[in-house]
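Notes to accompany the following structure.
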Amino acid sequence: MRVPLIAGNWKMHTTIAEAVQLVVAMRDDLEAVRGVEIVLCPPFVSLYPLYELLRGGPLRLGAQNIDYRDFGAVTGEIAARMVAPICSMVILGHSERRRYFGESDQVVNWKVKAALAAGLHPIVCVGEQLEENEAGATAAVVERQVRAALAGVTDLRRIVIAYEPVWAIGTGRAAHGPQANATIGWIRHLLRDRFGPAAAEETRILYGGSVTPDNIAEFVAQPEIDGALVGGASLRAADFVAICRTTADLRVPKELLEGR
Ligand code: PGA
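Okay, structure coming up:
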């Protein structure tokens, strides 16, 4: 059985003080949610303070990016080995990185390999643009992105995939549950093809794009969807807690939930 995962992508929001405040506001409630892996992905400068705050607890931390190179003369960048001691995951290939920083499928692949080599768990983002969706090209786009991101990767165990249709990110226009389920089912099929049925069955694939407490149930009730990558709503403590609780209610066996 796949453990559901909810990741909060804070993007370029929160000062260090605000990041600490946000975590303090939701930590107890999040820690009380059983059976769901919860990951907070604040900006780089807040990783260390939050690491100190959350050390020893169940909440995990993730970075929002890394460079694919090892230590070296690369002004302004952060290497995988720098964040690996203080976080467990890293978001890679997010559509905002692809769009604003020109990250190609090739760069995403290098980053995935760098993350794996440093012991991080990559959350690899894929998803089609609106025009591609309208042209019926979703399956082809996602296939290209998944195959490219995982080229040369031999072990899926630390990989999480997030399907985020670009038109749904930050727009308030989420995909429909069955629609997202179909594309995520397609991604699982691609994984099966490349890595075999057991590895594909064990890999978590998330939905992302305008997830809120009101629509999370629509996604996690789907058999292929193992959780969500949450942007805007992850910055509101009550909303993020509600998203995690609903996921637990729908996806975690009752015995585990008792005592919540
Ligand atoms: P959103 O962002 O939830 O604000 O749409 C999701 C994401 O970009 O990961």
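If you read the sequence shown in the numbering used here, its first letter stands for residue 523, the second for the next number, and so on. Heads up, the beta-carbon is just placed ideally off N, CA and C, and yes, glycines get one too. Note that the structure is predicted; figures quoted are calculated from it, not measured.
Quiz item: Going by other Cβ atoms of all chains shown within 10 Å of its Cβ, with 16 needed for buried, is Arg782 buried or exposed?
Solution: Any answer about Arg782 is weak, because its pLDDT of 49 lies below 50 and its placement is not dependable; what the coordinates show is given next. So Arg782 ends up on the exposed side.
Self-check item: Span separating the alpha-carbon of Thr693 from that of Ile538
Solution: Going from the Cα of Thr693 to the Cα of Ile538 covers about 26 Å.
Practice problem: Could you please give the first and the last residue of the uninterrupted beta strand (DSSP E) stretch that includes Glu723? | Solution: Secondary structure note for Glu723: it is in no beta strand (DSSP E), and the uninterrupted alpha helix (DSSP H) holding it is Pro719 to Glu724.
Practice problem: Jot down the residue ranges of each uninterrupted alpha helix (DSSP H) in the region 584 to 649, minimum 4 residues, whole runs only, in chain order. | Solution: 602 to 605, 617 to 622 and 627 to 639
Quiz item: Anyone know if the C-beta pair for Gly749 and Ile613 falls short of 8 Å?
Solution: no
Quiz item: Given 8 Å as the limit, is there contact between the region 761 to 769 and the region 713 to 727, that is, 3 or more CB pairs closer than that?
Solution: no
Quiz prompt | Which of helix, strand or coil DSSP assigns to Arg782 | solution = Note that Arg782 scores a pLDDT of 49, beneath 50, so its modelled location is shaky and nothing firm can be said.
Exercise. Return the CA-CA distance between Tyr570 and Glu654, expressed in angstroms with no decimal places.
Key: 39 Å
Quiz item: Is it the case that the Cβ atoms of Thr705 and Ala739 are separated by a distance below 8 Å?
Solution: Not a contact, by the Cβ cut-off of 8 Å.
Practice problem: Can you check DSSP and say which residues form a bridge with Cys766? | Solution: Its beta-bridge partners do not exist; DSSP assigns none.
Quiz item: Beta carbon of Leu638, beta carbon of Arg680: below 8 Å?
Solution: yes
Quiz item: Is there a Cβ from chain B that is less than 8 Å from the Cβ of Gly615?
Solution: Of the chains in the structure shown, none is chain B; there is only one protein chain.
Practice problem: Could you check if Val525 is buried or exposed, using at least 16 other CB atoms within 10 Å of its CB as the buried criterion? | Solution: exposed
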